[in-house]
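Residue numbers (the working numbering): 115 to 235.
Glycine included, every Cβ here is placed at the ideal spot set by N, Cα and C.
Keep in mind the model is a prediction, meaning the values are calculated, not measured.
Only one structure is covered here, and it is reproduced in the block below.
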Amino acid sequence: MNTELLEALNILEREKNISKDTLLEAIQQSLLSACKKNFGTADNVTVSIDPDTCDYHIIAKKEVVENVDSPVEQISLEDAQKIDSSLQLGDIASVEIQSRDFKRIATHDAKNVILQKIREE
Numbered sequence: 115m116n117t118e119l120l121e122a123l124n125i126l127e128r129e130k131n132i133s134k135d136t137l138l139e140a141i142q143q144s145l146l147s148a149c150k151k152n153f154g155t156a157d158n159v160t161v162s163i164d165p166d167t168c169d170y171h172i173i174a175k176k177e178v179v180e181n182v183d184s185p186v187e188q189i190s191l192e193d194a195q196k197i198d199s200s201l202q203l204g205d206i207a208s209v210e211i212q213s214r215d216f217k218r219i220a221t222h223d224a225k226n227v228i229l230q231k232i233r234e235e
């Protein structure tokens, strides 16, 4: 459980009268924005956030290939099988992205997306 984030959302909901759903949507958009900034695209990325715990997962869908030409969209068979041993060439692997791997500028942009959403409300 991400207790600090959950507490911050509850405070914002009370003090700024912004619904938790709106705040969660802003966080989701900010994480997608950070992915786009960090990797050049977020087309193959989904973000899911549990509204009760504020735990989130960033998942990139990558094609399993023998030789990786585009690391953003592809994963080697060897690496894919570390995630799921049943994956074969041509399959789509779900690869979790850690937000701590984002560059500082991507994190800053994500924060700005959240702040903009709060100002709009």
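Problem set entry | C-alpha gap between Ala174 and Glu127, whole angstroms | Position 60 of the sequence shown, counted from the start, is the residue given in the question as residue 174. Position 13 of the sequence shown, counted from the start, is the residue given in the question as residue 127. Taking the straight line from one Cα to the other gives about 30 Å.
For this session: Report, in whole angstroms, the separation of the C-beta atoms of Ile163 and Ile141, which I expect to be a contact under 8 Å.
Result: Residue numbering aside, residue 163 sits at position 49 when the sequence shown is read from its first letter. Residue numbering aside, residue 141 sits at position 27 when the sequence shown is read from its first letter. With a Cβ gap of about 6 Å, Ile163 and Ile141 count as contacting.
Exercise. Shortest alpha-carbon distance to Asp205 belongs to which of Ser184, Leu120 and Gln188?
Worked result: Counting from 1 along the sequence shown, the entry for residue 205 is found at position 91. The shortest CA-to-CA distance from Asp205 to any of Ser184, Leu120 and Gln188 is the one to Gln188.
Exercise. Secondary structure at Gln202, three-state DSSP: helix, strand or coil?
Worked result: The residue labelled residue 202 in the question sits at position 88 within the sequence shown. In the structure shown, the three-state DSSP call for Gln202 is coil.
For this session: Check Ala207 in the structure and name its three-state DSSP category.
Result: The sequence position of residue 207 within the sequence shown is 93, counting from 1. Per DSSP, reduced to three states, the secondary structure at Ala207 is strand.
For this session: Would you list the one or two residues that DSSP bridges to Ala174?
Result: In the sequence shown, residue 174 corresponds to position 60, counting from 1. Paired residues: Val159 and Val209.
Problem set entry | Residue of Val186, Ser190, Ser199 and Val179 minimising C-alpha distance to Cys149 | Position 35 of the sequence shown holds residue 149. Nearest option by C-alpha distance: Val186.
Exercise. With DSSP run on the structure shown, which of helix, strand or coil describes Ile228?
Worked result: For the purposes of this step, residue 228 is taken as residue 114 along the sequence shown, with counting starting at 1. For Ile228, the three-state secondary structure derived from DSSP is helix.
For this session: Look up Ser184 in the DSSP assignment and say whether it is helix, strand or coil.
Result: In the sequence shown, residue 184 corresponds to position 70, counting from 1. DSSP, reduced to helix, strand and coil, places Ser184 outside both helices and strands of the structure shown, so it counts as coil.
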